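Its first residue numbered 1, the sequence shown is counted upward by one per residue in UniProt numbering.
Here a beta-carbon is modelled for each residue, glycine too, at the ideal position from N, C-alpha and C.
Every value quoted in this text rests on a predicted model; they were computed, and no experiment measured them.
Report on the structure given below.
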Amino acid sequence: MAKFVIAGRADCPYYAKTELLADYLQKNLPDFRIHKITQRPEVWEDWLKDVCEKNKWSHKNSPIIWRELLDRGGKGLLLGGYNEFLEHAQLYYDVTSSMTTELMMVIAQENLGAHIEKEQEEEGLKTCINPLQVWITSASAPACYNLIPILTSGEVFGMHTEISITLFDNNQAEEYLKSLVLETQDLASPVLRSVSICTKVEEAFCQAHVIVVLDDSTDKEVFTLEDCLRSRVPLCRLYGYLIEKNAHESVRVIVGGKTFVNLKTVLLMRYAPRVAHNIIAVALGVEGEAKAILARKLKTAPSYIKDVIIWGNISGNNYVDLRKTRVYRYESAIWGPLHYSRPLLNLIFDSEWIKREFVATLKNLTATGRQFGGILAAHSIATTLKYWYHGSPPGEIVSLGILSEGQFGIPKGIVFSMPVKFENGTWVVLTDLKDIEISEQIMTRMTSDLIQEKLVALGDKIHFQPYQSETELRKKDKRISLPITDDSQKEQVSDEHKDLVPHEEKNPVMSDAADFLNQIPQTTFEKPQSLEFLNGFERKTVES
Numbered sequence: 001m002a003k004f005v006i007a008g009r010a011d012c013p014y015y016a017k018t019e020l021l022a023d024y025l026q027k028n029l030p031d032f033r034i035h036k037i038t039q040r041p042e043v044w045e046d047w048l049k050d051v052c053e054k055n056k057w058s059h060k061n062s063p064i065i066w067r068e069l070l071d072r073g074g075k076g077l078l079l080g081g082y083n084e085f086l087e088h089a090q091l092y093y094d095v096t097s098s099m100t101t102e103l104m105m106v107i108a109q110e111n112l113g114a115h116i117e118k119e120q121e122e123e124g125l126k127t128c129i130n131p132l133q134v135w136i137t138s139a140s141a142p143a144c145y146n147l148i149p150i151l152t153s154g155e156v157f158g159m160h161t162e163i164s165i166t167l168f169d170n171n172q173a174e175e176y177l178k179s180l181v182l183e184t185q186d187l188a189s190p191v192l193r194s195v196s197i198c199t200k201v202e203e204a205f206c207q208a209h210v211i212v213v214l215d216d217s218t219d220k221e222v223f224t225l226e227d228c229l230r231s232r233v234p235l236c237r238l239y240g241y242l243i244e245k246n247a248h249e250s251v252r253v254i255v256g257g258k259t260f261v262n263l264k265t266v267l268l269m270r271y272a273p274r275v276a277h278n279i280i281a282v283a284l285g286v287e288g289e290a291k292a293i294l295a296r297k298l299k300t301a302p303s304y305i306k307d308v309i310i311w312g313n314i315s316g317n318n319y320v321d322l323r324k325t326r327v328y329r330y331e332s333a334i335w336g337p338l339h340y341s342r343p344l345l346n347l348i349f350d351s352e353w354i355k356r357e358f359v360a361t362l363k364n365l366t367a368t369g370r371q372f373g374g375i376l377a378a379h380s381i382a383t384t385l386k387y388w389y390h391g392s393p394p395g396e397i398v399s400l401g402i403l404s405e406g407q408f409g410i411p412k413g414i415v416f417s418m419p420v421k422f423e424n425g426t427w428v429v430l431t432d433l434k435d436i437e438i439s440e441q442i443m444t445r446m447t448s449d450l451i452q453e454k455l456v457a458l459g460d461k462i463h464f465q466p467y468q469s470e471t472e473l474r475k476k477d478k479r480i481s482l483p484i485t486d487d488s489q490k491e492q493v494s495d496e497h498k499d500l501v502p503h504e505e506k507n508p509v510m511s512d513a514a515d516f517l518n519q520i521p522q523t524t525f526e527k528p529q530s531l532e533f534l535n536g537f538e539r540k541t542v543e544s
């Protein structure tokens, strides 16, 4: 009996031709048997290299064919590639193939699609045996309570993927977490295999496939912005170590909330370098707030507004870009089908509203000490996870905090929110978008804060100094050079010109810290609150 193994790249046209010829021989010859192996294009070369090293063969192209020595055992006998198999078939069996090149290409694409579908089916079967392990940190936070029903609904990972949820927090939250476990079990979700709690640090993230990092609560008082930045390092260092040690090798880490989100993300990347490429920060919360404000102005639904881009620091000095924003199903004199849309900046004729009221409202929503509601935080995390696993809507722009590699002129090494799309289980930065250049001053303002946050947190810089433009510096110089004759005049001048002082000059550390301390929530586990402290810098919005 002759048994041949035919292995090739799933999208290889020569593999397709070889496969069909082998099928014909197997169907018509009683002692001819074949075994097929296909591999994804991106893993083919590594797989071929391993096979050749194991059997001491030399072969570099797709396909590779060898004969199994069933009667004698031992390693297979290498036949070669496409040409060698055709010669063998013609010489021994007087059979050849007349398949056209065009048909070869069509079958190759069908093979690739079938291979991907088969892999997905196999993954689905595996999840039935081994459920997806989902860990949620700071599980006593309000966002966790709202996130659990979404995760167990099947909308995020799919109805055919079972999940096991582990709620991770400190010992003080244990009683609250036990009640949360009981309430989760009451959902009787068909995709929920189990739900448990973990309060032992050494057991955290064991075989985790997904880790959701929520805002961490603290009962320690901090009096300066610098202390607040540095207080993030120990926990991120601990999480990074545990992720490297305990989590699954393909773990996906998603950082949500509104407390130094970019900083926490870059710190986790630093302390968990093995999975740094799979750590992201959620920006859809800010995007949702912006859409809601615009929808109220236009008297439409927020879901009809698409492609709002959030640049920069998700929980601080960012830039809401409306230049690509479009509005669907808008009731006006111009009407069209469901896929018809119009540029948002063409529908809001009051440009002053965008420059002033829109910016002011957003600034108020994200001011120091303000936090996302539990519903918005949970929905933003769940939607980002859904896109990560199943892809974002075709043609839609999504804002995401990722590590910069120099795109759009952003300095490397900082986590920066930018426009992306999700596909095939990962994201792609939309560097091909046109007319989205950002002015040097705005870019410097955003990147300066992010770079300083990282340096201060790691101890490379002592004080955080908010960025000041040349205009702001000139105002400062003008204020300092005003002539002062006596104490009364000095007091009068100070009162008259106090509005000229930029916000950053008014002792940002102590004034921000004072606002922060006034808004620290009391920690109770019946209604847990998480500590929030943000750089409440002014947002900027681009006009067409």
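Of the choices I462, L229 and E287, whose alpha-carbon is the least far from that of L376?
That would be E287, whose Cα lies nearest to the Cα of L376.
Does the beta-carbon distance from A89 to L29 come in below 8 Å?
Not in contact: A89 and L29 (Cβ atoms no closer than 8 Å).
Put N318 into one of helix, strand or coil per three-state DSSP.
Correct three-state label for N318: strand.
Apart from the five residues just before and just after K178, which ones in its own chain have a Cβ nearer than 8 Å to its Cβ?
Correct list, in chain order: I197.
In this structure, does DSSP put P13 in helix, strand or coil?
Here P13 sits in helix by DSSP.
Are L48 and W66 touching if we call contact CB-CB under 8 Å?
Their beta carbons are not under 8 Å apart, which means L48 does not touch W66 by this criterion.
Measuring CB atoms only, is the stretch 389-406 touching the stretch 348-355, in the sense that at least three cross pairs come out at less than 8 Å?
Cβ pair count under 8 Å is below three, so no.
Please confirm whether C236 and L267 have their CB atoms less than 8 Å apart.
Against a cut-off of 8 Å, the Cβ pair of L267 and C236 comes out as a contact.
So, for residue 582: in the same chain, excluding its five sequence neighbours on each side, which residues have a beta-carbon less than 7 Å away from its beta-carbon?
This structure cannot speak to residue 582, because the chain is shown only from 1 to 544.
Just list the beta strand (DSSP E) runs in the stretch 316-367, keeping only unbroken ones of 3 residues or longer that don't cross its boundaries, in chain order.
With a minimum length of 3 residues, the continuous beta strand (DSSP E) runs that stay inside the stretch 316-367 are 318-321, 326-328 and 341-343.
Is it the case that the Cβ atoms of I163 and V134 are separated by a distance below 8 Å?
For I163 and V134, yes; Cβs fall inside 8 Å.
Tell me, please, which residues DSSP counts as bridged to P419.
The partner list for P419 (beta bridge, DSSP) reads S399.
Can you grab the Cα-Cα spacing for the pair I150 / R252, in whole Å?
Using only the alpha carbons, I get a separation of about 18 Å.
To the nearest whole angstrom, what separates the beta carbons of D449 and N317, a pair I think is in contact under 8 Å?
The pair is a contact, with the Cβ atoms about 5 Å apart (cut-off 8 Å).
Ends of the alpha helix (DSSP H) at R230?
Note, R230: alpha helix (DSSP H), L225 to R230.
From which residue to which residue does the beta strand (DSSP E) around A247 run?
A247 -> no beta strand (DSSP E), and no H or E assigned at all.
Assuming S380 contacts G312 under a Cβ cut-off of 8 Å, what Cβ separation, rounded to an integer in Å, is found between them?
That belief does not hold up - the Cβ atoms of S380 and G312 are roughly 17 Å apart, past 8 Å.
To the nearest angstrom, how far is it from the Cα of E289 to the Cα of L362?
Rounded to the nearest angstrom, the two C-alpha atoms are 7 Å apart.
Going by Cα to Cα distance, which pick from R342, K324 and T325 is closest to S332?
Comparing Cα-Cα distances from S332 to each of R342, K324 and T325, the minimum goes to R342.
Taking the alpha helix (DSSP H) that Q452 falls in, what are its first and last residues?
Note, Q452: alpha helix (DSSP H), E440 to A457.
Could you work out which residue in I211, L263, C12 and F358 is closest to I136 when comparing CA atoms only?
The shortest C-alpha separation from I136 is found at I211.
With distances taken Cα to Cα, identify the nearest neighbour of H277 among Y14, E68 and G401.
Checking every option, the nearest Cα to that of H277 belongs to G401.
Pick from G425, I293, I414 and T384: whose alpha carbon is nearest that of R356?
If we check each option's Cα against that of R356, I293 comes out closest.
To the nearest angstrom, how far is it from the Cα of P337 to the Cα of V201?
Looking at the two C-alpha atoms, the distance is approximately 54 Å.
Using beta-carbon positions only, say whether S138 and D169 come within less than 8 Å of one another.
Result yes, Cβ atoms of S138 and D169 sit closer than 8 Å.
Among all the DSSP beta bridges, which residues are the ones paired with V195?
DSSP output for V195 lists I165 as bridge partner(s).
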